[in-house]
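Chains as they are written, first to last, in full-length UniProt numbering: chain A, 1 to 395; chain B, 1 to 180. In what follows, a single structure is set out as structure tokens and then discussed.
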Ligand SMILES: [Zn+2]
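Right, dumping it as structure tokens:
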């Protein structure tokens with residue numbers, strides 16, 4: 001089994017990207033990744049396209065992208081795992097290289113949500129639970145699903161509106177330093193508190209925006225990576241899990257069970273101790289589609305004790321210089337959440353962090369050379385946890 | 001009001017405006033090309049629309065709808081392991097047993113959590129803001145439904161009762177939660 005290295009990264013500006021179509025948007029990221037790795041399309045043995053799809057017009061997005069980016073006739077597929085689509089795409093390429101089936105693979109994550117009118121986009125995301133039993137008659141929305149967790153945590157753990165606000169303020173703060181972010185504007189707690197309710201108790205400033213964007217990664221086997229670069233970032237391990245489609249079948253509505261299971265798998269493979277996991281990592285990107293999701297991620301990753309995630313936010317422990325810097329690229333909240341691109345974007349952010357290539361104002365202190373991404377699909381329907389290191393893992 | 005009237009009232013205005021806009025664009029530019037107001041980016045406005053309405057098979061759990069029609073809510077129960085299923089399903093996939101029995105639900109439980117949907121999906125635009133809650137019933141299963149109460153009177157943990165109601169303005173039969 002080969003070790004798997006990241007040897008090239010690409011990332012577009014996120015936001016309303018109606019200046020380009022889906023293929024053109026993807027090419028911006030692919031071109032950057034090829035240039036970084038100093039590779040040509042002919043060197044790519046396979047490409048995986050993470051695109052949740054439906055928001056944009058091309059149904060066979062992988063093929064449209066393959067033609068435009070000059071990747072055909074290499075083998076491909078479109079991968080879907082809701083908001084964790086990008087991490088699922090990474091998984092396919094990771095496994096291909098680890099097993100020796102491929103030596104160089106390109107991972108693409110892309111979504112162009114602004115091709116659909118906003119009310120349709122809201123409808124499509126609401127349908128992404130159990131369609132028949134939870135949407136057809138009861139019209140849940142994406143923020144609505146997470147709001148059910150927020151309400152219960154407020155009642156059970158004494159989490160305050162301002163705790164959620166602290167996450168929004170932090171992520172907007174770092175977004176302001178990220179030229180790729182949708183929102184590059186800092187907000188104050190009073191702006192947060194004044195923003196309008198979209199699904200009580202969640203407000204507009206609790207939510208990630210509807211976003212267009214693309215990101216790309218080139219993965220290579222150890223043998224190839226050695227020839228390409230002196231500074232590869234290795235994928236140490238990945239854990240993944242799934243949750244119930246019906247939200248009503250969850251037990252407690254306090255944390256995301258699938259993300260806990262995936263974390264335990266990733267930690268076990270990487271020999272990381274759950275109870276003081278934060279000590280291992282210099283930086284983390286977690287799935288903050290809503291502020292409440294970031295708070296639950298702190299607990300599901302073992303950074304905070306169960307029921308105390310909101311205290312980490314309240315005490316500012318996830319800023320650079322704190323216990324562990326989280327979402328210092330602005331997170332989904334400020335950077336944006338182009339569904340299929342998000343998991344790949346997280347990997348790009350962490351890779352550049354570990355190589356001291358983060359944008360000015362967002363660089364964490366790298367001591368252990370390790371970072372982690374936490375990517376949740378739907379409302380805890382899918383979960384992918386991936387661990388990265390500048391040190392080569394044992395094959 | 002039936003679904004046809006609702007559709008006409010709610011959506012035809014929007015559809016009509018879009019179609020008029022497309023005609024106007026073609027007249028002016030020879031093609032359906034518009035400028036996005038915020039960015040001035042040129043956009044092709046799709047001439048082909050896609051309306052999707054699924055038909056969803058319910059044959060294996062048809063009893064649920066027969067009972068609902070009589071004002072009763074049921075779950076299904078596996079005779080082997082005793083698991084009660086809601087939403088109802090006819091297969092106990094852990095026992096690999098099909099043809100489960102039905103159990104009438106008590107409808108009594110407590111509210112685990114709730115949200116108030118103020119930004120609604122397109123197909124729910126014609127309703128007032130609504131409350132979605134999840135209740136845990138006495139028999140240990142959870143049910144998700146609208147909570148028909150003033151938001152001021154709602155609390156996590158309060159006793160609730162599940163009952164069969166007509167959803168207006170469509171007038172079809174469904175179920176909801178109320179304060180017990
Ligand atoms: Zn059974």
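Ideal Cβ positions, reconstructed from N, Cα and C, are used throughout, including at glycine.
Give the range of the beta strand (DSSP E) segment to which residue 166 of chain B is assigned. Along the second chain, one-based indexing puts residue 166 of chain B at 166. Where residue 166 of chain B is concerned, the enclosing beta strand (DSSP E) stretches over 159-167.
Just tell me which of B:38, B:40, B:22 and B:39 has its CA closest to the CA of residue 32 of chain B. Translated into the one-based positions of the second chain, residue 32 of chain B becomes position 32. Checked all of B:38, B:40, B:22 and B:39; the closest Cα to residue 32 of chain B is B:22.
Residue 288 of chain A - DSSP class collapsed to helix/strand/coil: Position 288 of the first chain, counted from the first residue, corresponds to residue 288 of chain A. Residue state, collapsed to three classes: coil.
Can you check which of these residues, A:363, A:384, A:368 and A:377, is closest to residue 174 of chain A by C-alpha distance? For the purposes of this step, residue 174 of chain A is taken as residue 174 along the first chain, with counting starting at 1. Nearest C-alpha to residue 174 of chain A: A:363.
Can you check which of these residues, A:101, A:198 and A:128, is closest to residue 377 of chain A by C-alpha distance? Within the first chain, the letter at position 377 stands for residue 377 of chain A. By alpha-carbon distance to residue 377 of chain A, the top candidate from A:101, A:198 and A:128 is A:128.
Using alpha carbons as the reference points, say which of A:13, A:171, A:126 and A:393 lies closest to residue 326 of chain A. The sequence position of residue 326 of chain A within the first chain is 326, counting from 1. When each option's Cα is compared against that of residue 326 of chain A, the closest is A:171.
Report the rounded CA-to-CA distance for residue 112 of chain A versus residue 340 of chain A, giving the unit in angstroms. Within the first chain, the letter at position 112 stands for residue 112 of chain A. Within the first chain, the letter at position 340 stands for residue 340 of chain A. Approximately 9 Å between the Cα atoms of the pair.
Show which residues of chain B have a CB atom less than 8 Å away from the CB atom of residue 141 of chain A. Translated into positions along the first chain, residue 141 of chain A becomes position 141. Neighbours of residue 141 of chain A on chain B, chain order: 117, 119, 120 and 121.
Quick one: list the residues of chain A neighbouring residue 165 of chain B, beta-carbon separation under 7 Å, in chain order. In the second chain, the residue the question calls residue 165 of chain B occupies position 165. Correct list: empty, because the minimum Cβ distance to chain A is about 11 Å.
Do residue 238 of chain A and residue 366 of chain A have their C-beta atoms within less than 9 Å of each other? By 1-based counting over the first chain, the position of residue 238 of chain A is 238. By 1-based counting over the first chain, the position of residue 366 of chain A is 366. Using a Cβ distance threshold of 9 Å, residue 238 of chain A and residue 366 of chain A do not count as a contacting pair.
Could you spell out where the alpha helix (DSSP H) holding residue 95 of chain A opens and where it closes? For the purposes of this step, residue 95 of chain A is taken as residue 95 along the first chain, with counting starting at 1. Going by DSSP, residue 95 of chain A is part of the alpha helix (DSSP H) stretching over 85-98.
Residue 83 of chain B: CB within 8 Å of a non-hydrogen atom of ligand 1: As a first step, residue 83 of chain B must be located in the second chain, where it is residue number 83. Set against 8 Å, the gap from the CB of residue 83 of chain B to the closest heavy atom of ligand 1 is smaller.
At a Cβ threshold of 9 Å, is residue 87 of chain B touching chain A? Counting from 1 along the second chain, the entry for residue 87 of chain B is found at position 87. It does; some Cβ of chain A falls within 9 Å.
Looking at the structure shown, is residue 3 of chain B part of a helix, part of a strand, or coil, going by DSSP? Looking up residue 3 of chain B in the second chain gives position 3. Residue 3 of chain B falls in the helix class under three-state DSSP.
According to DSSP, simplified to helix, strand and coil, what is residue 373 of chain A? Your numbering for residue 373 of chain A matches position 373 in the first chain. The answer is strand: DSSP assigns residue 373 of chain A an E or B state.
Should residue 98 of chain B be listed as close to ligand 1, given that the test is whether its C-beta is under 8 Å from any heavy atom? The count along the second chain starts at 1 and reaches residue 98 of chain B at position 98. At a threshold of 8 Å, residue 98 of chain B does not count as near ligand 1, since its beta carbon sits no closer than that to any of the ligand's heavy atoms.
Can you tell me whether residue 151 of chain B is helix, strand or coil according to DSSP? Within the second chain, residue 151 of chain B is the residue found at index 151, counting from 1. The answer is helix: DSSP assigns residue 151 of chain B an H, G or I state.
Which stretch, first to last residue, makes up the alpha helix (DSSP H) that contains residue 142 of chain A? Numbered from 1 along the first chain, position 142 holds the residue referred to as residue 142 of chain A. For residue 142 of chain A, the enclosing alpha helix (DSSP H) begins and ends at 142-157.
Could you tell me how far apart the beta carbons of residue 73 of chain B and residue 105 of chain B are, in whole angstroms, since I believe they sit closer than 8 Å? Working through the second chain from its first residue, we reach residue 73 of chain B at position 73. Working through the second chain from its first residue, we reach residue 105 of chain B at position 105. That belief holds up - the Cβ atoms of residue 73 of chain B and residue 105 of chain B are roughly 5 Å apart, short of 8 Å.
If the cut is a Cβ gap below 8 Å, which residues of chain A does residue 43 of chain B touch? Counted from its first residue, the second chain places residue 43 of chain B at position 43. Under the 8 Å cutoff, chain A gives 18.
Whole-angstrom Cβ separation of residue 141 of chain B and residue 86 of chain B, contact assumed at under 8 Å? Working through the second chain from its first residue, we reach residue 141 of chain B at position 141. Working through the second chain from its first residue, we reach residue 86 of chain B at position 86. Going by Cβ atoms, the distance from residue 141 of chain B to residue 86 of chain B rounds to 5 Å, so yes, they are a contact pair.
CB-CB length for residue 61 of chain A against residue 51 of chain A, believed under 8 Å: Translated into positions along the first chain, residue 61 of chain A becomes position 61. Translated into positions along the first chain, residue 51 of chain A becomes position 51. Their Cβ separation, rounded to whole angstroms, is 4 Å, which keeps residue 61 of chain A and residue 51 of chain A in contact under 8 Å.
Would you mind stating whether residue 79 of chain A and residue 213 of chain A have Cβ atoms separated by less than 9 Å? Counting from 1 along the first chain, the entry for residue 79 of chain A is found at position 79. Counting from 1 along the first chain, the entry for residue 213 of chain A is found at position 213. The Cβ atoms of residue 79 of chain A and residue 213 of chain A lie no closer than 9 Å to each other.
Run of the alpha helix (DSSP H) containing residue 63 of chain B, from where it starts to where it stops: As a working note, residue 63 of chain B is residue 63 in the second chain. First-last of the alpha helix (DSSP H) with residue 63 of chain B: 62-69.
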